[in-house]
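Report on the following structure.
So this is what it looks like as structure tokens:
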């Protein structure tokens, strides 16, 4: 159920807001990878979760851009 709520939140945002959120998620993924490489990361499953969220954001952006055409 948590994923459905997140998707509804993404669908309610504009493309500009989604692109800002995408940048934030990519920065978070970068930081997680750095922490993982230096053995500072405790919850390694967070990397997978952030990668999936990035894919979800990109999917919603492409759907909205396609609908705008």
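In the working numbering, the protein residues as written are 950 to 1018.
Quick reminder that beta carbons are idealized off the backbone N, C-alpha and C, glycines included.
Counting C-beta pairs closer than 8 angstroms gives fewer than three between the region 981–989 and the region 1001–1016, which falls short of the contact rule. Check the Cα spacing between residue 1013 and each of 960, 954 and 951: the tightest is with 960. Judged by their CB atoms, residue 1010 and residue 952 are not nearer to each other than the 8 angstroms cut-off. Taking 8 angstroms as the cut-off, the Cβ atoms of residue 967 and residue 996 do not count as close.
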